[in-house]
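J.: Encoded as structure tokens, here's the structure I'll be asking about.
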Amino acid sequence: MIQLHKVSVQFGTFTALHPTSLAFVPGQFTVLLGASGAGKSTLLRSLNLLAQPSAGHITVDGIGKLDSARRVHEHRKRTGMIFQQHQLIGRQSVLANVLLGRIGYHPAWRTLFPLPRHERRTALECLARIGLLHKALERVDCLSGGQQQRVGIARALAQQPRLILADEPVASLDPASARQVLEQLHRFCREDGITTVVSLHQVDLAREYADRIIGLSNGRIVFDSTSDALTPDKASALYEHPATAADSIHATPAEPSMFSSQFATAKESP
Ligand SMILES: Nc1ncnc2c1ncn2[C@@H]1O[C@H](COP(=O)(O)OP(=O)(O)OP(=O)(O)O)[C@@H](O)[C@H]1O
Ligand SMILES: [Mg+2]
439 MIQLHKVSVQ
449 FGTFTALHPT
459 SLAFVPGQFT
469 VLLGASGAGK
479 STLLRSLNLL
489 AQPSAGHITV
499 DGIGKLDSAR
509 RVHEHRKRTG
519 MIFQQHQLIG
529 RQSVLANVLL
539 GRIGYHPAWR
549 TLFPLPRHER
559 RTALECLARI
569 GLLHKALERV
579 DCLSGGQQQR
589 VGIARALAQQ
599 PRLILADEPV
609 ASLDPASARQ
619 VLEQLHRFCR
629 EDGITTVVSL
639 HQVDLAREYA
649 DRIIGLSNGR
659 IVFDSTSDAL
669 TPDKASALYE
679 HPATAADSIH
689 ATPAEPSMFS
699 SQFATAKESP
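Just so we're aligned: 637 in my numbering is position 199 of the sequence shown, and the numbers increase by one with no gaps anywhere.
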């Protein structure tokens, strides 16, 4: 669905993501794991060019190479972003926030006026799917953290996305709410065939929900396989000192070859 071709990201002289080639297939639920500073957010944000690649390029099925403002707009319109801190407008209603997901489908001038009735219906349907229809007219800042994050999911769903990018969506939530949020994300990924990429710090949740886990260390991919293949040793190696993590993980036998063909993944050698 989306492919990175030798994409790297620099901040000044610092390389946050070393040249990386990856492919994400439709409907796959991928979790990014790794210690703080490993490059999870950078990789995630490069997928909709919020982090600009310094080299390499990205292609998206049905759009092509993301090398023009028009193609980037087309891609972002169908890409839902979910953030740790929700990025909702607290003093506005839940419904108004979900409607923001529809704005990309209208010219800028159109957004000065209330969106058409069918758009409100779409937003209400998304709220019904996440179980918060009864909160539609409440102010967002009156909702719990878990409910706010689910409004963030409804806003992303309202975009009718092909891709959802969620950067630590459950980091500020209690365990029960975290599970509920991941459960819902996972369900919509399955039901709608949405390619979903989520960064997490909880290895147990990653194992439970991910079809595929990508482990990062020091701006490089050091693990890329199914959640079953992430043994406790490999998982703890991801959180070792960045200089040693890559060695510990590569020291283990190679993953089954079916994996690379299943996910059509090509990794750069570190
Ligand atoms: N805008 C920026 N300017 C300069 N350096 C940055 C910028 N964004 C990220 N970095 C650096 O790039 C590296 C990777 O950062 P990134 O945010 O991708 O890590 P992360 O794996 O998401 O960490 P965390 O788990 O703490 O969110 C870090 O060393 C970080 O300091
Ligand atoms: Mg991050």
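Every residue, glycine too, gets a C-beta built ideally from N, C-alpha and C.
These numbers come from a predicted model, not from an experiment.
At a cut-off of 7 angstroms, would you count Ser484 as near ligand 2, judging by its Cβ distance to the nearest heavy atom?
T.: As a working mapping, residue 484 is identified with position 46 in the sequence shown. Outside the cutoff, so no.
J.: If contact is defined by three or more beta carbon pairs under 8 angstroms, each pair taking one atom from either stretch, is the region 578-598 in contact with the region 487-505?
T.: In short, these stretches do not touch, since the Cβ pair count stays below three.
J.: Within the continuous beta strand (DSSP E) that includes Phe626, where are the two ends?
T.: For the purposes of this step, residue 626 is taken as residue 188 along the sequence shown, with counting starting at 1. Here Phe626 belongs to no beta strand (DSSP E); instead the alpha helix (DSSP H) covers Pro613 to Asp630.
J.: Mapping the DSSP letters down to three states, classify Arg650 as helix, strand or coil.
T.: Taking the sequence shown and counting its residues from 1, the one referred to as residue 650 is at position 212. It is a strand residue.
J.: Nearer than 7 angstroms: is that true of the beta carbon of Glu606 relative to any heavy atom of ligand 2?
T.: Within the sequence shown, numbered from 1, the residue matching residue 606 stands at position 168. For ligand 2, at least one heavy atom lies less than 7 angstroms from the Cβ of Glu606.
J.: Is it true that the CB of Leu442 sits closer than 8 angstroms to the CB of Met519?
T.: By 1-based counting over the sequence shown, the position of residue 519 is 81. By 1-based counting over the sequence shown, the position of residue 442 is 4. Cβ distance not < 8 angstroms, so Met519 and Leu442 don't count as in contact.
J.: CB-CB under 7 angstroms to Ile501, same chain, minus the five flanking residues each way: which ones, in chain order?
T.: The sequence position of residue 501 within the sequence shown is 63, counting from 1. Same-chain partners within the cutoff: Arg509, Glu512 and His513.
J.: From which residue to which residue does the beta strand (DSSP E) around Leu676 run?
T.: Your numbering for residue 676 matches position 238 in the sequence shown. No beta strand (DSSP E) holds Leu676; the alpha helix (DSSP H) holding it covers Pro670 to Leu676.
J.: Give a yes or no on whether the C-beta atoms belonging to Gly539 and Ala594 are separated by under 8 angstroms.
T.: In the sequence shown, residue 539 corresponds to position 101, counting from 1. In the sequence shown, residue 594 corresponds to position 156, counting from 1. Yes.
J.: Under 6 angstroms Cβ to Cβ from Gly528, same chain only, skipping five residues before and after it: list those, please.
T.: Mapped onto the sequence shown, residue 528 falls at position 90. Same-chain partners within the cutoff: Val578 and Asp579.
J.: Got a sec: does ligand 2 put a non-hydrogen atom nearer than 7 angstroms to the Cβ of Ser582?
T.: Numbered from its first residue, the sequence shown carries residue 582 at position 144. No - ligand 2 has no heavy atom lying nearer than 7 angstroms to the Cβ of Ser582.
J.: Mind checking whether the beta-carbon of Ser492 lies closer than 7 angstroms to any heavy atom of ligand 1?
T.: One-based indexing of the sequence shown puts residue 492 at position 54. No, ligand 1 has no heavy atom inside 7 angstroms of this Cβ.
J.: Who are the Cβ neighbours of Leu638 in its own chain at under 6 angstroms, not counting the five residues just before and after it?
T.: What you label residue 638 is simply residue 200 of the sequence shown in a count that begins at 1. Closer than 6 angstroms at Cβ, skipping near neighbours: Val469 and Ala644.
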